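Taking the working numbering, the leading residue of the sequence shown gets 85, the next gets one more, and so forth. Beta carbons are placed, not taken as given, at the ideal position from N, Cα and C, and that holds for glycine. All of these numbers come straight from a predicted model, not from anything done at the bench. Before any comments, here is the structure.
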Amino acid sequence: IRSVKMAVLFWIIFIIALLIIGPLLTIWSLNTLFPMLNIAYGFNEWAAVILLGAALRAQVTVNK
C-alpha cells in the first residue's frame, strides 16, 4: 500500500512539473529556432504560452 501511495505521489508531482516546465521549454525552443524573437523568461510570458496553447488546441473529431 505504501508503494502505491508513493507511485501516485510521484505521478502527481511529475505531471505538475511538466505543466510548469512545459511552457518554459516552448519559449526556449522558439528562442532557439528564431533568435530574433528574443522572448524573455518570466511569469507573463509563461502565462501567455499557456493561453496560446489552450487557444490553439486541436479539436479532432471522426464521423463514421
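Less than 8 Å between the beta carbons of residue i and residue j, yes or no?
i: L114; j: I104; result: no
i: L102; j: Y125; result: no
Can you say whether residue i is buried or exposed, counting buried as having 16 or more other CB atoms within 10 angstroms of its CB?
i: P119; result: exposed
Which residue wins for smallest C-alpha separation from residue i, given the options the options?
i: T110; options: F98, L135 and L93; result: L135
Note down, in chain order, each residue of its chain lying with its Cβ closer than 7 Å to the Cβ of residue i, except the 5 sequence neighbours on either side.
i: V133; result: P107, T110 and I111
For residue i, I'd like the list of residues in its chain whose CB is within less than 6 Å of its CB, leaving aside the five on either flank, ordered along the chain.
i: T145; result: none
i: A91; result: none
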